[in-house]
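Numbering (my numbering), first residue to last: 74 to 241.
Ideal placement from N, C-alpha and C gives every residue a C-beta, glycine not left out.
Contents: one structure, followed by commentary.
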C-alpha cells in the first residue's frame, strides 16, 4: 500500500471537554450517594425517593444545583436549547438513553408532527432566568445497575453530575 503525505493542518490542538467529570469507577459505585461535587465547590443533588427503583416504570428524575453555601444557584443557562441533558447507561453497556427534560422524541416523529417548523428546537441562550433544578422523565427497560450523567450549563460552563442507580 502506498503512503500518502498529508498537508499540515494549521490551528491549535483542542483542549477541554464540556462533558467531562471525574467519578468513581463503576466497580466502586455508591448506590446510596445522592450528591455530586461540582468544580466551584457546589453540588448537584439527586432529589430522589428512597423507595427502590423498578424497571418498566416511568419516573421523574429531579436534580438540584446548589452553590458552595448550599443555596440554589442563580446562573443556570440553556445548554444546546435545553435546561439540561441526561444520559442513562447500563453498567453492562446494554442500555444507553440520552434524555431531555421534556423527554426525548425521535427527530422522525417531530418531522411528522411539524415538518417545517423547527423553531422550538432553538439552540440559543435564553435571557430568562432558569430554576436551579432540572428534571427528566425516564423508565429503566430492565433491572440492573445504571450510571446517570446529568449536564447543566452555568455562567457559560457545562457541569456534569454522575450518579449510580440500582434497579429491581
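Distance from residue 148 to residue 228 at the Cβ level is roughly 4 Å; contact confirmed, criterion being Cβ atoms closer than 8 Å.
Per the coordinates, the alpha-carbon of residue 130 lies some 22 Å from the alpha-carbon of residue 106. Contact between residue 145 and residue 205 holds: CB atoms are separated by about 3 Å, below the 8 Å threshold.
Across the set 155, 115, 173, 126, the C-alpha of 115 shows the shortest separation from the C-alpha of residue 138.
Cα atoms of residue 220 and residue 162: separation of roughly 5 Å, rounded to the nearest angstrom. For residue 120, the enclosing beta strand (DSSP E) begins and ends at 116–120. Looking at the backbone, the Cα of residue 171 and that of residue 234 are separated by about 14 Å. Residue 158 and residue 127 have their C-alpha atoms roughly 22 Å apart. If you ignore the 5 residues before and after residue 119, its C-beta comes within less than 6 Å of the C-beta of 107, 136, 236, all in its own chain and listed in chain order.
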